[in-house]
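**Student:** I'd like to ask you about the structure that follows.
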Amino acid sequence: MGCFSLVPGTHKDPNGPPRDQYKGDTLENMPGMKKMALEAGDAVLWDVLCWHTGCANTSPRDRRMVI
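Numbering (this note's numbering), first residue to last: 6 to 72.
What follows is the structure in structure tokens.
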């Protein structure tokens, strides 16, 4: 269902992510990307300055989350 993903340590990069380089079909090519495959009811805490994204939901079901 397109899990939440992040790239650890990128909160220390003053330039931020190269937004034009990683999007659409290349989104999952970010070096060091970690997919957070979690169970229902799990929680994640992260520094929001880390590069983070939700991968494409390729399932027929809606993705549900609380932010």
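C-beta: ideal position from N, C-alpha, C; glycine also.
Asp25: which of Lys17, His16, Met35 and Cys8 sits nearest, CA to CA?
**Tutor:** Met35
**Student:** I'd like the list of long-range same chain contacts for Trp41, defined as Cβ closer than 8 Å, with 5 residues on each side in sequence excluded.
**Tutor:** This sequence places Met at residue 41; Trp is not what is there. Around Met41: Cys8, Phe9, Ser10, Leu11 and Val49.
**Student:** Just curious, the beta strand (DSSP E) that Gly59 is in, first and last residue?
**Tutor:** Here the beta strand (DSSP E) through Gly59 covers Trp56 to Gly59.
**Student:** Could you tell me which residues DSSP pairs with Ser10 in its beta bridges?
**Tutor:** Lys40 and Thr58
**Student:** Does the distance from the C-beta atom of Thr58 to that of Leu32 stay below 8 Å?
**Tutor:** yes
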